[in-house]
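A.B. asks:
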Amino acid sequence: MIHNARTLLALLPVGTLVFTTVALRPRIAPDGRLAVIRGSIAVAVATVLATELLSLCNAISAGPVIALWCAAAAATGWWAWRDKPDKSAFNIKFPKWYIAPIALLVVAELVLALASAPNNYDSNSYHLPKIEHWIANGNLGNFPTAQIQQLILVPGAEYLLLHLRLLTGGDGTFNLLQWAAGLLGAAAAARCAAQLGAGRAGQWITAAVFLTAPAVVLESTSTQNDLVVTAWVLCAATIALDGRARPATTADVLALAGAAGLVMVTKSTGLMALVPVLAYWAICQLRQHKLKRMLYGGCLVAAACALLAGPPLLRVHEAFGSPLGPRDYREGLSTTRHDPPALLVNGLRLGASTLLTPMRPVNAAVGGAVLEVADLVGVDPNDPGITQWRSIFPGDRWKPDEDRSPYPMQSALVLLGTAAGLCWRRTRGYALAVVGAMLLTPAILKWQDWGNRLILPAFAVATPLAGYALERALKSRVLGALVVLALVTGTVHGYAAVFYGQPRRLVGQGSVFTLDGWQERFVRMPDQAAAYRTAIDQVRASGADRVGLVLEGDLWEYPLQLELRDKHLVELYSEVDRLPAGNVHSVDAVICVSSQNWCRAVVPADWTYTQIDDFVTTAFPPRS
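Below, the structure is given as structure tokens:
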């Protein structure tokens, strides 16, 4: 939630984005959406590169970042002012009949994003703690940690959050990154639909299918990164579609390379949709006999990926001996079986999980059909080679939850749109790229309980096909009525997600307006909110300056970092062999968030222990 006046400094990146959008607008054929896409890519690429440069100078701190954004806003403002645009360059027209419901949904998401504190599991475990480590260290270098995902996962979205954190001094604007990414993704998807031949109705339907998907609605108020990477994939898709109608310009190639590099540095799940999109662009260029331009573009894409994602991958290699991290971690999430029957079953399970509804007979029928196919082809539906170890198919979690929420109506429309797209010559090439994304995703990603949000990039690139097909269906009275019914049903599901979703909701029990800030942060772990607070209060009362942390598994570090920012925090347990933990005798107090055996294995026996609950313990050295 927003707490201080420094929050206004978040307007510096916003202003920079607006000015860059104006400066990079297309001059020959005005296109407001393309201008926004170019501006967003340029600002994000510059932010990633600036973060790496600041790290090299050990200057990850508020002063340099504020100065950087002041200079960026001034420079881009002057750049935009030099060539004042025609207002028509930014006209984006949509049909009025469906604007209001979607606009209200987006506004409701904005209210929830502004009113909510980061409270999902992954953010408190590794997305946000790494940002606090960078600030404490002044650089992006590796650090000892009990949660290796703080080091392994590429940090593109966290770089952007890092700048918001240093500009504003808090996390009150963090949720706005994914909210904005949702809007960017919708604009890019709608533009894709226009490039395929959809009219205004088809473009708006595309945006609606994307924006009302409960997984998108829930992510739009979150500090995870699935919507950020999805937005970059969609930006790449619309730029690739430009290459279908004409040879790629230098601006096109630069934008495509930037989008690809941003996907690479943000989240690996985006690559499964990006690769077919890039292949589609390359084929389009070859069909226009532009081999040199295709090779030039390919080299530039590779260079952008290396430039943006290379430094963090090198740091992962430094910590684990491989840029992909430990082998057992990779194999826990990525498929180890690649035979066609196993991949067929994996793909069917991923699709079936998006189709879960509140109606158990429907779920049983869909899940049962997948099980029958698995039995027919001789594949165990929970084979560990294609299943994450904590997940069991079929699942039945249909409720709107950020980590698991299905999007049955939107998924069904996308599947139907893709099938139809393969039948029409105008859309067949792009539809084949979408099918490529749908095939590549189960070939790499194991089925898991929270897979619905991980496959958002593949879902998103298919939404333009749904918009194109549904617009054509509107011409039929019967089919048109079914389309309207489907869109209304999907929209209602989207509203249910923002009003009653987890772990953030607008109304009902557990609403963000009925919980205090600390309780809201612990919605996922309500029983530990009081224990964390007690531990923090005990450490403060002791006067300790250096505080050791002992964390086990994926238990939360961020609340401790948040409340003890004025203390020197020392990791006393590390899962990274090459990064040893600190010495317990160098600290004045210890907070353990772990089992008791784990804690006592690190902290000397003669220290004073206070066990607050089953997992939270404080320990203090004997008094001299």
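When the letters of the sequence shown are read in order and numbered with our numbering, they come out as residues 506 to 1129.
Ideal Cβ positions, reconstructed from N, Cα and C, are used throughout, including at glycine.
At what residues does the beta strand (DSSP E) containing Gln1116 begin and finish?
C.D. replies: Thr1113 to Gln1116
A.B. asks: When burial is assigned at 16 or more other CB atoms within 10 Å of the CB, is His822 buried or exposed?
C.D. replies: Its Cβ having fewer than 16 others within 10 Å, His822 is exposed.
A.B. asks: Mind checking who Ala1007 pairs with in its DSSP beta bridge?
C.D. replies: The amino acid at residue 1007 is misidentified as Ala; the sequence shows Gln. Under DSSP, Gln1007 shares a beta bridge with Asp906.
A.B. asks: Can you tell me whether Ile607 is helix, strand or coil according to DSSP?
C.D. replies: In this structure, Ile607 counts as helix in the three-state DSSP scheme.
A.B. asks: By a C-beta neighbour count over all protein chains shown, 10 Å radius and 16 as the cutoff for buried, is Val983 buried or exposed?
C.D. replies: exposed
A.B. asks: Can you tell me where the beta strand (DSSP E) with Phe825 in it begins and where it stops?
C.D. replies: Not the beta strand (DSSP E): Phe825 falls in the alpha helix (DSSP H), residues Leu796 to Phe825.
A.B. asks: For my contact list, Glu1057 and Val1098 are in at a C-beta cut-off of 8 angstroms; report their separation, rounded to the angstrom.
C.D. replies: 7 angstroms
A.B. asks: Hey, is the region 728 to 736 in contact with the region 678 to 694, meaning 3+ C-beta pairs nearer than 8 angstroms?
C.D. replies: yes
A.B. asks: Run through the DSSP bridge pairs and tell me what Thr1123 is partnered with.
C.D. replies: DSSP, once it has assigned bridges, lists Ile1096 and Thr1115 as partnering Thr1123.
A.B. asks: To the nearest angstrom, report how far apart Val1089 and Gln652 are at their CA atoms.
C.D. replies: For Val1089 and Gln652, the distance between alpha carbons rounds to 19 angstroms.
A.B. asks: Can you tell me which of Met777, Ile891 and Ala847 puts its alpha carbon nearest to the alpha carbon of Gly883?
C.D. replies: Ala847
A.B. asks: Are Ala515 and Leu669 touching if we call contact CB-CB under 8 angstroms?
C.D. replies: yes
A.B. asks: Look up Val612 in the DSSP assignment and give the residues it is bridged to.
C.D. replies: Beta bridge pairing from DSSP links Val612 with no other residue.
A.B. asks: Report yes if the C-beta distance between Ala1036 and Ile1096 is below 8 angstroms; otherwise report no.
C.D. replies: No, the pair does not count as a contact, with Cβ atoms beyond the cut-off.
A.B. asks: Pick from Ile949, Pro969 and Met914: whose alpha carbon is nearest that of Gly926?
C.D. replies: Nearest C-alpha to Gly926: Pro969.
A.B. asks: Taking all protein chains shown into account, decide if Ser560 is buried (16 or more other Cβ within 10 angstroms of its Cβ) or exposed.
C.D. replies: buried
A.B. asks: By DSSP, does Gly830 sit in helix, in strand, or in coil?
C.D. replies: Coil.
A.B. asks: Is Ala1110 helix, strand or coil by DSSP?
C.D. replies: coil
A.B. asks: Tell whether a beta-carbon distance below 8 angstroms holds between Gly830 and Ile657.
C.D. replies: yes
A.B. asks: Classify Ser827 as buried or exposed, calling it buried when 16 or more other Cβ atoms lie within 10 Å of its own Cβ.
C.D. replies: exposed
A.B. asks: Helix, strand or coil: which one does DSSP assign to His1073?
C.D. replies: strand
A.B. asks: Taking only the alpha-carbon atoms, compute the straight-line gap between Ile507 and Gly1015 and give it to the nearest angstrom.
C.D. replies: Any reading at Ile507 is ruled out, since the residue's pLDDT is 49, under 50, leaving its predicted position unreliable.
A.B. asks: So Thr650 and Val1081 are in contact, right, with Cβ under 8 angstroms, and what is the actual spacing, rounded?
C.D. replies: 7 angstroms
A.B. asks: Less than 8 angstroms between the CB atoms is what I'm expecting for Asn851 and Trp952, so what's the real figure, rounded?
C.D. replies: That pair is a contact at about 6 angstroms.
A.B. asks: CA-CA distance, Leu937 and Ala778?
C.D. replies: 12 angstroms
A.B. asks: Determine contact between the region 937 to 948 and the region 1021 to 1034, defined as no fewer than three beta-carbon pairs at a distance below 8 angstroms.
C.D. replies: no
A.B. asks: Between Ala942 and Leu813, what straight-line distance do the alpha-carbon atoms span, to the nearest angstrom?
C.D. replies: If you take the alpha carbons of Ala942 and Leu813, they lie about 23 angstroms apart.
A.B. asks: Which of the three DSSP states, helix, strand or coil, is assigned to Thr1019?
C.D. replies: coil
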